[in-house]
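Reading through the structure tokens given below for one structure.
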């Protein structure tokens, strides 16, 4: 079973043995190097034409995996083009909306410093679509120059939720508490005209895991009726639908469910911690292995892990060293689409920035190198002020079991947003190493895992699963061809609220306004 496009290519470039009846490994590797070099040099049209020529002229020499890798290189080129559409003139215009006194000379200096993701594609210099936002994420000191200063409540909400968690635990060492009930509705819509009318669209929709901190998942209604629901602990859990395309009208898939989620809190005593081994933990080998192409034990990563951990042998304290190092040395940044990247964790290591999932993969790579089992966890954050995709991870610490680590939150909590004081930020940063709030819908407990029923076409996201996946007639529908939305009703009292909510999510009480 093929888990992720590009594995064959990675193996060939690493020098492994070719499959029977395939193009000779050396020849295929040489062709792929030429193709990748053309992409890296920005000669996208040339690379696209070269890949198509190989497929047309040498298909009889290629095995199925080699042909599919070439086909995906064509698709990768198309996807990268979609990530880079902003010209210099447009980016300067966008930045001046936020920093009116920005000069051309200052912009040139920032670019010379490498503050932007920029590529020359077929001779045209283009910037990543999120370049404006990323400038402020990577250089938060610039926020003071913004024409309009924004204020938020996210930090305050996290602090209030954390206080509820501590009160609910009431001094106990670890476990789950501070539970909240939710009603969630997810809608995935294939855009009009993407698939001919009457042709079947297959849809995979993220659906909640059921485990110690998320339970009571109950599907209330859906359109259409799903033909398959994965088991409660399937690593990338989904509802699977089939529906005829509405042609020039939107084709809509929707589902509503309820669930209960609990905060997690682990007060780990490092003196009790012992190293995990295959003898003490059955899944040790699986969760400490390399996982190409994004968790790879390169020489650079081995040196980095050793420099961070030093001589520390306690797994818990070693994992904390990785966390603290990333909080100090890595910054958040909006990402390239994961499917376009050849090694995500090495990108973060070399660039010093990444988004939540990229940060999680980097942290997992360090942990696995250090012999600490680490696995992916992801879904959505569902705060009242922010509903969005989010990724983090879990590490296995004996005798406590799996504990969550959200390194992205640790990095964000280094920033002073003026909502809570320094001591509170540091306490929250400590909490997210081994703790997690309950305002999450968790769909995944592994990454790059095959969907079931199997998808025949390329995945839109080769690593994660939060937005859904669609295909028709064996062809993928990419993110520009469908939309997704998650709506949340809060059926419990939220942190900072005085009144409980009814079954429709409305605060209970009498309206005295006249």
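In the working numbering, the protein residues as written are 514 to 1027.
Cβ coordinates follow ideal geometry from the N, Cα and C atoms, glycine included.
Bridge partners of residue i, per DSSP?
i	result
residue 774	693, 727
residue 820	In DSSP, residue 820 forms no bridge with anything.
residue 909	915
residue 769	698, 734
residue 741	753
residue 1000	698
How far does the beta strand (DSSP E) with residue i in it extend, from its first residue to its last?
i	result
residue 957	953-957
residue 566	Per DSSP, residue 566 belongs to no beta strand (DSSP E); it is in the alpha helix (DSSP H), 557-571.
residue 749	Counting along the chain, residue 749 falls outside any beta strand (DSSP E), and DSSP gives it neither H nor E.
residue 985	982-985
residue 872	Here residue 872 belongs to no beta strand (DSSP E); instead the alpha helix (DSSP H) covers 869-882.
Classify residue i: buried if its beta carbon has 16 or more other beta carbons within 10 angstroms, exposed otherwise.
i	result
residue 919	buried
residue 775	buried
residue 903	buried
residue 534	With a pLDDT of 40 at residue 534, under the threshold of 50, the modelled position of this residue cannot be trusted; read the value that follows with caution. Burial call: exposed.
residue 796	exposed
residue 870	buried
residue 799	exposed
residue 652	exposed
residue 892	buried
Can you tell me the Cα-Cα spacing of residue i and residue j, whole angstroms?
i	j	result
residue 723	residue 572	45 Å
residue 977	residue 874	11 Å
residue 473	residue 958	Shown here, the chain extends from 514 to 1027; a query on residue 473 therefore has no answer.
residue 741	residue 965	9 Å
residue 672	residue 696	24 Å
residue 522	residue 579	With a pLDDT of only 42 at residue 522, under the threshold of 50, the placement of this residue in the model should not be trusted; the figure read from the coordinates follows. Using only the alpha carbons, I get a separation of about 7 Å.
residue 924	residue 643	19 Å
residue 456	residue 601	Summary: the structure shown does not reach residue 456, with the chain confined to residues 514 through 1027, and so no result is reported for it.
residue 470	residue 806	No answer is possible for residue 470: it lies beyond the span of the chain, which begins at 514 and ends at 1027.
residue 592	residue 974	11 Å
residue 625	residue 726	47 Å
residue 721	residue 750	7 Å
residue 1007	residue 784	36 Å
Which two residues bound the contiguous alpha helix (DSSP H) that contains residue i?
i	result
residue 835	828-842
residue 584	577-596
residue 553	538-553
residue 944	935-944
residue 1010	Looking at the DSSP string, residue 1010 is not in any alpha helix (DSSP H), and its letter there is neither H nor E.
residue 704	No alpha helix (DSSP H) contains residue 704, which DSSP labels as neither H nor E.
residue 858	857-864
Tell me whether residue i sits in a helix, a strand or coil according to DSSP, three-state version.
i	result
residue 898	coil
residue 793	coil
residue 639	strand
residue 647	helix
residue 904	strand
residue 629	coil
residue 804	strand
residue 653	helix
residue 714	strand
residue 634	strand
residue 990	strand
Return yes when the C-beta of residue i is under 7 Å from any heavy atom of the ligand MG, and no when it is not.
i	result
residue 893	The ligand MG is not part of the structure shown, which contains no ligands of any sort.
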